[in-house]
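Numbering of the sequence shown is given in my numbering, commencing with residue 10 and proceeding in unit increments. Every residue gets a Cβ at the ideal spot worked out from N, C-alpha and C, and that includes glycine.
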Amino acid sequence: MAQAGNQELTDRFIQFYRNYYRDDIGTLAQNYPNEQRSLYIDYDDLYQFDRDLADDYLSQPDQIQEYAEEALRLYDLPADVKLGNAHVRMRNLPDSVDIRGIRVHDNHIGKLVSVQGIIRKATDVRPKITDSAFECQRCGTMNYIPQEDGDFQEPHDCQGCEREGPFKINFDQSEFVDAQKLRVQESPEGLRGGETPQSIDINIEDDVTGKVTAGDHVTVVGVLHIEQMDGNDGKSSLFDLYMDGVSVTIEDEVFEDMDITQEDKTEIIELSNEPGIYEKMVASVAPSIYGYDEEKLAMILQLFSGVTKELPDGSRIRGDLHMLLIGDPGTGKSQMLSYIENIAPRSVYTSGKGSSSAGLTAAAVRDDFGDGQQWTLEAGALVLADQGIAAVDELDKMRPEDRSAMHEALEQQKISISKAGINATLKSRCSLLGAANPKYGRFDQYEPIGEQIDLEPALVSRFDLIFTVTDQPDPEHDGMLADHILKTNYAGELNTQRANVPTSEFTQEQVDSVTEQVAPEIDAELLRKYIAHAKRSCFPTMTDEAKAAIREFYVDLRSKGADEDAPIPVTARKLEALVRLAEASARVRLSDTVDEEDATRSVDIVRSCLKDIGVDPETGQFDADVVETGTSKTQRDRIKNIKQLIAEIEDEFEEGAPVDEVLERAGEIGMEATKAEKEIENLRRKGELYEPTQGHLRTT
């Protein structure tokens, strides 16, 4: 009877293939076994064909899979084509299970489930024996033993001479299959701040191996199993979860996990048409922090980001904006970073002191993941933040060699790894939001800003926007700030008291009226969905008016540096930043075009940034080199002049150029003595000058 049932199921699958997958099986037959060894079937197709069969596939995957593959072998094909070991792989299951939501009482064990996440580790592809042939060394008989998962099985006695060996494996007669082990971790967008991401190990075999690498976002369909863990002395009473993967799909879609309903979309579209949408957005970023409207607007634009362009020659122009906040302590930089991490659909937060270059990019780890000790790549913060935002606090506290790992990730948006014999390139298409303190802990208003940023100029120049957040005493501003902080604390006190002391004399209405004043204009959950929806469905293009406005600003600013001796006020990098900001501004309105107002908004932000950090304090002129190279043109000219001067004077004196003489002549050519002394000290530190005798200088 059971046999008849089995035959019936096989026939049902043959009928299903005829109705839905005739062409696919034809293609498989042509390409089997070298180019293609699997038939992929969609769950929806099977569900439409036979609802009960589809349900059985989910609840008894191992048995039903056998009938599906048997049906593929019995399918009518040309006489010379045999699909002997072809696989049937199910994909596109209706529901995906959260990795942290897998539970024994939910009856997931032994079922076909779908999980989404990011590849944290992947082993090398290794051959695995499935059917071993043991040759008896006494009589030469072959003993075939199928190998299941678990311990390696050897024959007890020979089927020919009935003795206990010895045996030797005959590799030619044994059957092998490619095998790989993956560790899939929850995607960052599914987590709230502070949650530790959970992961699950997945075993995959044959033609699905070798397709993914650390950092890829994937959906894996597989059968969930449990295995006993090892305790201190033998077996443990705890079991571990793992999956036998059936199909692995790489997801390129942004924010696949976010569930945006039709009601959410309607609310988002209504919100985008409101006239004060930008002000509302700004009021929704860290409302507990007073002021910084311009910085908050820039952060909102960073969350929406520009459009990434793929060019016909295969190169790409990044759409992600990088932003750096440099400021005095106590100005709320870290608070803003934490808030952005919270409302970004996909984000990773890390702090400078606790980050190494391997932790930011990828670590080569040698452990027992897979079987035996082997090296695997483990994705770091910038890889996990792919297509999202990486918030890095305390950038200045990182070691310079660790910071250097970020250069390639910022501009090329990929990370090349050459460690422990592994050469790989990982994707890192993320925006970076960094925060740092000035070199001396607080800004000195009499020092040029370029000299107070203790970061490598090559790194700083890759940021599209750099804001300085200073803490200057101002009675009016300070009064408003004090009121805001006290009000925020009062709202927090009322809320806490109301929650913890049920008999409190405050009514809920009183609490709500105070809390409303410090609550975000747009709810954080809705804002996350808004950003995800905009990035998924809105790709604005530039209008002629917007192009003209950006071109005019750039050309006008550059023309100020047209004299031969004038500094270069702004570089082409800023032009790309302007385009990205304008596109992000259009995305906030869910507009398909970048209008003149977007271009004006981006120009205002860039101009304000340049005023903060791109001005040479000595001349008051815009000078791109202040930040891009860490040395302004005035400073460069001064260094050149002082070296020239010393070179001339050292020829006149036997012991070298006397310092007093150098300072005197520097005064004659209009260079202040204090500045000349400072440059001499700097050149001496760099080894470009030395003192042959006390008080005399020579150039190297």
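Ser437: buried (16+ other C-beta within 10 angstroms of its C-beta) or exposed? buried
Spatial neighbours of Gly315 within its chain, please: CB distance less than 6 Å, with the 5 preceding and 5 following residues excluded, ordered by chain position. Gly328, Arg589, Glu592 and Ala593
Identify whether Glu417 lies in helix, strand or coil by the three-state DSSP scheme. helix
Return the residue from the list Asp225, Asn432, Ser440 and Asp322 that minimises the CA-CA distance to Trp384. Asn432
From which residue to which residue does the beta strand (DSSP E) around Ile50 run? Ser47 to Asp51
Proximal residues to Asp717 (C-beta, below 7 Å), its chain only, five neighbours per side dropped: Absent from the structure is residue 717, since the part of the chain shown begins at 10 and ends at 709.
Among Gln146, Thr150, Gln189 and Gln162, which has the Cα closest to the Cα of Phe176? Gln146
Counting only beta-carbon atoms, is Ala414 nearer than 8 Å to chain B? In the structure shown, chain B cannot be found, because there is only a single protein chain.
If you follow the alpha helix (DSSP H) that Thr36 is part of, which residue opens it and which one closes it? Arg31 to Asn40
Could you tell me whether the segment 184 to 191 touches the segment 347 to 355, where touching means 3 or more Cβ pairs closer than 8 Å? no
At 4 residues or longer, what runs of the alpha helix (DSSP H) sit wholly inside the segment 252 to 296? 271 to 281 and 286 to 292
Return yes when at least one heavy atom of the ligand NAP lies under 7 Å from the C-beta of Arg135, else no. Absent from the structure shown: the ligand NAP. Ligands present: none.
Measuring alpha carbon to alpha carbon, tell me which residue in Leu441, Glu606, Glu585 and His493 is nearest Arg325. Glu585
Could I get the ranges of all uninterrupted beta strand (DSSP E) runs contained in the segment 324 to 364, with 3 residues as the minimum, in chain order? 332 to 336 and 356 to 360
Asn152 - partner residues in DSSP beta bridges: Phe143
Rounded to whole angstroms, what's the CA-CA distance from Tyr699 to Phe662? Just pull it up for me. 15 Å
Pull up the DSSP beta-bridge partners for Pro136, would you. Asp187
Just the Cα atoms here: how many angstroms apart are Thr139 and Gly149? 21 Å
Buried or exposed: where does Met489 fall if 16 or more other Cβ atoms within 10 Å of its Cβ makes it buried? exposed
List the whole-angstrom C-beta distance separating Pro529 from Ala292, where the pair is believed to meet the contact cut-off of C-beta under 8 Å. 7 Å
Just the Cα atoms here: how many angstroms apart are Leu442 and Val374? 28 Å
Report all residues from its chain with a CB closer than 8 Å to the CB of Ile651; omit the five preceding and five following residues, and keep chain order. Val671, Ala675, Met680, Ala685, Glu688, Ile689 and Leu692
Length of the line joining the Cα atoms of Glu144 and Phe185: 17 Å
Residue from Leu419, Ile213, Val113 and Asn282 with nearest C-alpha to Val134: Ile213
According to DSSP, Gln24 sits in a beta bridge with which residue or residues? In DSSP, Gln24 forms no bridge with anything.
Assuming contact is defined by CB atoms lying nearer than 8 Å, are Ile127 and Leu83 in contact in what I supplied? no
Are the beta-carbon atoms of Asp395 and Gly361 separated by less than 8 Å? no
How close, in whole Å, do the beta carbons of Val478 and Leu334 come, if the pair is a contact with beta carbons under 8 Å? 6 Å
Where Asp51 and Ser470 are concerned, what is the direct C-alpha to C-alpha distance, given to the nearest angstrom? 48 Å
Under 8 Å, with one C-beta from each stretch per pair, do the segment 539 to 550 and the segment 592 to 607 reach the 3-pair mark? yes
Proximal residues to Ile540 (C-beta, below 8 Å), its chain only, five neighbours per side dropped: Leu312, Phe313, Ile352, Ala353 and Pro354
Less than 8 Å between the beta carbons of Gln74 and Ser105, yes or no? no
So the alpha helix (DSSP H) Asp669 belongs to, where does it begin and stop? Val668 to Glu677
Between the CA atoms of Arg582 and Asp601 - distance to the nearest angstrom: 24 Å
Proximity below 8 Å, CB of Tyr251 to CB of His226: no
Alpha-carbon to alpha-carbon, Lys318 and His705: 58 Å
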